[in-house]
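**Q**
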Amino acid sequence: MFGVIISGRPVLTEPQAISQTQFAFQLPAHPSFNHIVVFLLPGTQLPPDTAAAVYVQIPPSSDFRFLGAVANEKQSAIFKVDGLDAIAREAAALAAQNPGAQIPAVTLGISVEPVAQVNAAMQAKQAEKAQATPAAVGGADGSSSGLELVRAGAANTAATNPAAVKLLAQRIIGNAFNFLASFSGNAGPGGIEVVPLKAFQDWWQKFEKKVEVDPSFLVRENQG
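For the sequence shown, full-length UniProt numbering begins at 1 and goes up steadily by one.
1) When you compare the CB positions of THR44 and SER111, do they come within less than 8 angstroms of one another, or not?
2) What residue range does the alpha helix (DSSP H) around GLU90 cover?
3) Which residue comes first and which comes last in the beta strand (DSSP E) that contains GLU113?
4) Is it true that the CB of VAL56 sits closer than 8 angstroms to the CB of VAL38?
5) Round the Cβ separation of LEU84 and ILE103 to the nearest angstrom and send it over; I've been treating them as touching at under 8 angstroms.
6) For LEU27, tell me which candidate among LEU40, THR13 and SER19 has the shortest Cα-Cα distance.
7) What did DSSP end up calling ILE58 once you bin it into helix, strand or coil?
8) If I measure Cβ to Cβ from ILE36 and keep anything under 7 angstroms in the same chain, skipping five residues before and after, which residues do I get?
9) Taking the alpha-carbon positions, what's the VAL11 to PHE200 distance?
10) Pull up the distance between the alpha-carbon of ALA96 and that of GLU90, whole angstroms please.
11) Are ALA101 and ALA29 closer than 8 angstroms when you measure CB to CB?
12) Take VAL195 and list the residues in its own chain whose beta-carbon comes closer than 7 angstroms to its own, dropping the five residues that flank it on each side.
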């Protein structure tokens, strides 16, 4: 149902299923990272009136911190994760001393929840962020926190034409693939193909600007 991208690493698409609505990805803290991309896999359609809330748990704390959400209306987001410095240093030191040791991991949790519940969590996070940085609206580094992804009107999802939603999702993914293909490279001993997160961020910013200027361009794309 879900995929995860961390710059310089293979794409993750097989989370551990905790329950029918809860999933977890284990993300080794080394090499260090501070951004995570979460997206719905092609063909995934969340149940009506729901969204996928994204959480992170950073050892030694056992608490899960809410990051944002993805939904049928907007199927991917980039999350900036704060508080990784300590575990990243610990993981780097452990990897240097014992290359075969198990590296400490960060847990990324995804929970399919009622949209009203997710909206409430997002509003609380927005208020907290506004208090901390009153001038910041959407992430000074260009990241998309996912806080704008789920609208209160998402209850209309049940009336959405599934075929139209699938076609639109395919065109968005195709647009991203065409842009990112030229940035791909090989990494690691197995020559795994990876794409830099910066390239994804560049695509995302250009895509959003294009939607603002011409919201119907995806509808016309590939026609004729």
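Glycine included, each C-beta is placed from N, C-alpha and C at the ideal position.
**A** According to the data block:
1) On the sequence shown, residue 44 is found 44 positions in, with the first residue counted as 1. On the sequence shown, residue 111 is found 111 positions in, with the first residue counted as 1. Cβ atoms of THR44 and SER111: not closer than 8 angstroms.
2) Indexing the sequence shown from 1 puts residue 90 at position 90. 85-97 is the span of the alpha helix (DSSP H), which, as asked, contains GLU90.
3) In the sequence shown, residue 113 corresponds to position 113, counting from 1. Run containing GLU113: 105-114, per the beta strand (DSSP E) assignment.
4) As a position in the sequence shown, residue 38 is number 38, starting the count at 1. As a position in the sequence shown, residue 56 is number 56, starting the count at 1. For VAL38 and VAL56, no; Cβs fall outside 8 angstroms.
5) The residue you call residue 84 lines up with position 84 of the sequence shown. The residue you call residue 103 lines up with position 103 of the sequence shown. Actually they are not in contact, since the Cβ atoms of LEU84 and ILE103 sit about 13 angstroms apart, beyond 8 angstroms.
6) By one-based count along the sequence shown, residue 27 stands at place 27. Nearest option by C-alpha distance: THR13.
7) Here residue 58 refers to the residue found at position 58 when the sequence shown is read from its first residue. Correct three-state label for ILE58: coil.
8) On the sequence shown, position 36 is the one that residue 36 refers to. Closer than 7 angstroms at the Cβ level, and outside the excluded window around ILE36, lie VAL4, ILE6, PHE79, VAL81 and LEU108.
9) What you label residue 11 is simply residue 11 of the sequence shown in a count that begins at 1. What you label residue 200 is simply residue 200 of the sequence shown in a count that begins at 1. Whole-angstrom Cα-Cα distance: 13 angstroms.
10) If you number the sequence shown from 1, residue 96 lands on position 96. If you number the sequence shown from 1, residue 90 lands on position 90. So the two alpha carbons sit approximately 10 angstroms from each other.
11) Indexing the sequence shown from 1 puts residue 101 at position 101. Indexing the sequence shown from 1 puts residue 29 at position 29. No, these two residues do not count as a Cβ contact at 8 angstroms.
12) Locating residue 195 in the sequence shown gives position 195, counting from the first residue. The residues are LEU180, PHE183 and SER184.
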